[in-house]
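Chemist: In the working numbering, the protein residues as written are -14 to 154.
Before we start, here is the structure in question, set down as structure tokens.
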């Protein structure tokens, strides 16, 4: 193997490991999404997370900062709580309709907020495209830790979560 090939492998090692981590947990979580029949919930929650990050940047927090992350995470938890509440009232309105409405509102809100941010076009490009090739080992370690905690929670509460997803309990 030539020097250039080894450099390319070294350059792509962190993104490759990140892809393995993401694919592993997302396949498992995807099974729960499919079993519950809320197919577009992931897209809607991702859009709400993008809205939270955009609002954080509007308020002056740096892209990628802890504050931006936690505002985005808080927005996502709020939307997830709304979806859980909507599931209890499925006879009144469709959960998929609520998911679609939240997605559309979050998408429109991101565009409106980005209009008020300097360098908003770059921010929206980063949200839509991402930067998988620029993943660092620090990102891999941080993501592994977060997904490790998520995996541990799913393992500890597996009976309840499997029951809720596959048995409708």
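Every residue gets a Cβ at the ideal spot worked out from N, C-alpha and C, and that includes glycine.
The structure presented is a predicted model; accordingly, all values stated were derived computationally and were not measured.
1. Our contact map puts residue 33 next to residue 84 with C-beta atoms below 8 angstroms; I'd like the distance itself, whole angstroms only.
2. Find the nearest neighbour of residue 50 within the set 101, -9, 37, judged by alpha-carbon distance.
3. Only counting the same chain, and skipping five residues up and downstream in sequence, which positions put a Cβ closer than 8 angstroms to that of residue 10?
4. Among the residues of its own chain, which have a CB less than 8 angstroms from the CB of residue 48, if the five just before and after it don't count?
5. Use the C-beta contact count for residue 71: other C-beta atoms within 10 angstroms, 16 or more gives buried, fewer gives exposed.
6. Using three-state DSSP, classify residue 156 as helix, strand or coil.
7. Using a Cβ distance threshold of 8 angstroms, determine whether the segment 51 to 60 contacts the segment 114 to 128, with at least three qualifying pairs required.
8. Have a look at residue 100 and residue 92 and give me their C-alpha separation to the nearest angstrom.
9. Can you name, in chain order, every residue of its own chain whose Cβ lies under 6 angstroms from the Cβ of residue 104, other than the five neighbours on each side?
10. Let me know if residue 30 comes out buried or exposed under the rule of 16 or more other beta-carbons within 10 Å of its beta-carbon.
11. Under 7 angstroms, do residue 120 and residue -1 count as touching if we go by C-beta distance?
Modeler: According to the structure shown:
1. As a working note, residue 33 is residue 48 in the chain shown. As a working note, residue 84 is residue 99 in the chain shown. Not a contact, Cβ separation roughly 10 angstroms.
2. Within the chain shown, numbered from 1, the residue matching residue 50 stands at position 65. Here the closest residue by C-alpha is 37.
3. Indexing the chain shown from 1 puts residue 10 at position 25. Within the same chain, residue 10 has close Cβ partners 132, 135, 136.
4. As a working mapping, residue 48 is identified with position 63 in the chain shown. Leaving aside the five residues that flank residue 48 on each side, the residues in its chain whose CB is nearer than 8 angstroms to its CB run, in chain order, 38, 42, 108, 111.
5. For this step, residue 71 is matched to residue 86 along the chain shown. Under this definition residue 71 is a buried residue.
6. Any property of residue 156 remains undetermined from this structure, which presents the chain solely from -14 to 154.
7. The segment 51 to 60 is not in contact with the segment 114 to 128.
8. For this step, residue 100 is matched to residue 115 along the chain shown. For this step, residue 92 is matched to residue 107 along the chain shown. Taking the straight line from one Cα to the other gives about 13 angstroms.
9. For the purposes of this step, residue 104 is identified with residue 119 of the chain shown, where counting begins at 1. Correct list: empty, nothing qualifies.
10. For the purposes of this step, residue 30 is taken as the residue at position 45 of the chain shown. Buried, by the Cβ-count rule.
11. By one-based count along the chain shown, residue 120 stands at place 135. By one-based count along the chain shown, residue -1 stands at place 14. Yes. Within cutoff.
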